[in-house]
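Participant:
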Amino acid sequence: MSVLNKMERIIIESNDVDSLQKTKNNLLEKIIYIEEMNMEDKIMKLDEEINKTKPKFKKNKDESEIQYND
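Following the working numbering, the numbering of the sequence shown begins with 244 at its first residue and continues without gaps.
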């Protein structure tokens, strides 16, 4: 059962307006949390790529300076 189907079932089973609203809010908070975690993961991966690229850039820059100085 997909997450969407599970969420839909939970909403359907909420039998009054108050519990339905609380359920929707709870689900939205969970979705937001998951998205924030995904963004943090993407940011971490981006930081890793930047950190990998910096030494390569420095090396290329140094090589370029050596070539132009010769």
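Built from N, CA and C at the ideal position, the CB exists for glycine as well.
Just verifying my parser: in three-state terms, what is the DSSP assignment at S317?
Facilitator: No answer is possible for residue 317: the residues shown for the chain start at 244 and end at 313.
Participant: Helix, strand or coil, according to DSSP, for S262 in the structure here?
Facilitator: Helix at S262.
Participant: Taking a contact to mean a Cβ-Cβ separation below 9 Å, would you say I253 touches L271 in this structure?
Facilitator: Their beta carbons are not under 9 Å apart, which means I253 does not touch L271 by this criterion.
Participant: In angstroms, rounded to a whole number, what distance separates the CA positions of E291 and I309?
Facilitator: Spanning the two alpha carbons is a distance of roughly 28 Å.
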